[in-house]
Amino acid sequence: MTGAVVVGTAVAVPLLILGRQEGRGAVTLVIPEGRRASQVYEAVDKALALPAGSTEKSLAKLDLKLPDDARGNPEGYLFPATYPIRENTGPEDLLALMVDTANQKFNGAPLAAGAQRNAMNVYQAVTIASIVQAEAATEADMGKVARVVFNRLERGMPLQMDSTVNYALGRSTLRTTAEDTRIDSPYNTYQRMGLPPTPIDNPGEAAMRAAVNPPPGDWLYFVTVRPGDTRFTADYAEHQRNVAEFNAQRQSAGAQAAG
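This note's numbering numbers the first residue of the sequence shown as 1 and each following residue consecutively.
Printed below as a string of structure tokens:
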């Protein structure tokens with residue numbers, strides 16, 4: 001067995017778990033789906049025992065094969081996968097390999113053709129996939145979340161995705177306040193129309209497939225009322241009832257935890 005460095009979630013979990021079998025030198029860096037570039041940089045720093053911030057600083061020395069729309073920002077292209085760490089591996093090696101892997105996956109015929117079929121370029125598809133990755137409670141919900149994004153764009157509605165506000169604020173939370181939705185940021189999809197300027201995380205293949213081939217549907221709203229129960233609807237009044245039920249569930253859970 002090889003050792004593994006695993007990037008954790010954004011909240012309440014250590015960013016890295018390092019495992020190395022006694023007597024074996026092989027170590028791998030595992031990047032799960034949906035991690036932000038900042039988390040990946042931190043993971044690489046820790047995996048390579050570098051001072052904090054070293055991996056992000058290394059970007060200035062790199063000529064990553066990113067699309068022009070990315071403007072040098074690799075968010076969305078640090079592909080989630082397992083990467084080998086060898087004795088001479090540097091941060092530049094890992095970042096370049098992640099971006100090369102993303103290009104191989106995203107520019108393949110099925111995904112590239114799907115993006116073109118939906119009148120968008122691959123970078124836009126990656127941006128939608130990153131929202132899908134952040135918003136969908138399960139892989140089964142990903143297609144419906146993507147359809148909500150498309151439906152809102154087609155109707156000239158703001159996306160109003162909490163995940164983009166979280167990205168702007170550098171956090172991850174289930175609760176977005178009215179004050180949060182008024183922040184001045186190009187990532188605030190409550191206030192700005194269209195897609196955010198970049199992806200908001202690094203999506204996996206399932207989210208990309210959903211982004212380029214969403215199922216038909218008229219949904220405009222969704223909320224995960226409880227684990228395993230995400231409700232999609234085109235009716236705002238119904239959505240408000242679902243949100244009220246979600247809030248009641250949260251309050252009940254909070255009261256039980258306090259007790």
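For every residue, glycine included, the Cβ atom is placed at its ideal position computed from N, Cα and C. Source: prediction; values computed, not measured.
Pull up the distance between the alpha-carbon of residue i and that of residue j, whole angstroms please.
i: Gly114; j: Val149; result: 16 Å
i: Arg241; j: Trp219; result: 15 Å
i: Ala234; j: Tyr190; result: 18 Å
i: Pro32; j: Ala49; result: 20 Å
i: Ala26; j: Glu75; result: 28 Å
i: Ala206; j: Ser252; result: 33 Å
i: Asn107; j: Glu179; result: 39 Å
i: Asp229; j: Tyr123; result: 31 Å
i: Ser185; j: Ala168; result: 7 Å
i: Gln21; j: Val30; result: Unreliable positioning characterises Gln21 in this predicted model, as indicated by a pLDDT of 40, which lies under 50. A coordinate reading is not provided.
i: Asn166; j: Thr89; result: 32 Å
i: Gly23; j: Ile85; result: For Gly23, the predicted structure reports a pLDDT of 44, less than 50, and the residue's modelled location is therefore unreliable. A value from the coordinates is still provided. In a straight line, the C-alpha of Gly23 is about 16 Å away from that of Ile85.
i: Asp68; j: Leu62; result: 15 Å
i: Ser38; j: Thr138; result: 24 Å
i: Ser172; j: Ala109; result: 33 Å
i: Val243; j: Arg175; result: 12 Å
In chain order, what residues of the same chain lie with their CB nearer than 7 Å to the CB of residue i, ignoring the 5 residues before and after it?
i: Phe79; result: Met98, Thr101, Ala102, Lys105 and Asn202
i: Pro214; result: Gly143, Ala146, Arg147 and Phe150
Counting C-beta neighbours from all protein chains within 10 Å, is the total for residue i 16 or more, i.e. buried, or is it exposed?
i: Lys144; result: buried
i: Gln116; result: exposed
i: Glu87; result: exposed
i: Ile183; result: exposed
i: Glu135; result: buried
i: Tyr41; result: buried
i: Pro177; result: Rather than Pro, the amino acid found at residue 177 in this sequence is Thr. The residue in question, Thr177, is exposed, as its Cβ has fewer than 16 Cβ neighbours within 10 Å.
i: Pro91; result: buried
Report the CB separation of residue i from residue j in whole angstroms; it is logged as a contact under 8 Å.
i: Glu245; j: Val225; result: 5 Å
i: Thr28; j: Tyr83; result: 6 Å
i: Tyr221; j: Ile200; result: With 8 Å as the limit, Tyr221 and Ile200 do not qualify as a contact, their Cβ atoms being about 20 Å apart.
i: Ile131; j: Met161; result: 6 Å
Based on DSSP bridge pairs, tell me the residues matched to residue i.
i: Tyr190; result: DSSP, once it has assigned bridges, lists no residue as partnering Tyr190.
i: Phe232; result: Phe222
i: Tyr123; result: In DSSP, Tyr123 forms no bridge with anything.
i: Thr82; result: Val30
i: Asn202; result: Arg35
Can you list, in chain order, the residues of its chain whose CB lies under 6 Å from that of residue i, leaving out five sequence neighbours each side?
i: Asp45; result: Ala52, Ser54 and Thr55
i: Leu111; result: Met208 and Val212
i: Leu195; result: Thr127
Leaving out the 5 sequence neighbours to the left and right, which residues in its chain are closer than 8 Å to residue i when beta-carbon positions are compared?
i: Leu64; result: Gly72, Pro74, Tyr77, Leu95, Ala96 and Val99
i: Ala125; result: Phe106, Leu111, Gly114, Ala115, Asn118, Met208, Ala211 and Val212
i: Leu153; result: Leu159, Gly194 and Leu195
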